[in-house]
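Student: In the working numbering, the protein residues as written are 50 to 111.
The following block contains the structure, expressed as structure tokens.
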């Protein structure tokens with residue numbers, strides 16, 4: 050069982066303990082996935098910007 054499956058099962062168990070429906074949990078997991086995708090995209094953009102700045106700094110000025 051992968052991490053995502055274990056996490057989902059744990060969330061479902063936790064949700065049952067607090068009376069949360071599965072659809073509520075699914076919405077929350079989907080939102081977490083979107084948030085994670087946004088963070089990964091921003092990290093990639095920062096890395097690309099850092100690489101571009103490093104390349105510009107290495108180019109000799111004419």
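C-beta atoms are modelled at their ideal positions from N, C-alpha and C, and glycine is treated no differently.
Just so you know, these numbers come straight off a predicted model, no measurement behind them.
With C-beta atoms as the reference, is residue 63 less than 8 Å away from residue 78?
Tutor: As a working note, residue 63 is residue 14 in the chain shown. As a working note, residue 78 is residue 29 in the chain shown. Contact flag unset, no.
Student: Express the C-alpha separation of residue 65 and residue 53 in angstroms, rounding to a whole number.
Tutor: Here residue 53 refers to the residue found at position 4 of the chain shown. Here residue 65 refers to the residue found at position 16 of the chain shown. If I take the Cα positions, the gap works out to 18 Å.
Student: Can you tell me which of the three DSSP states residue 68 falls into?
Tutor: Start at 1 with the first residue of the chain shown, and residue 68 comes out as number 19. In this structure, residue 68 counts as coil in the three-state DSSP scheme.
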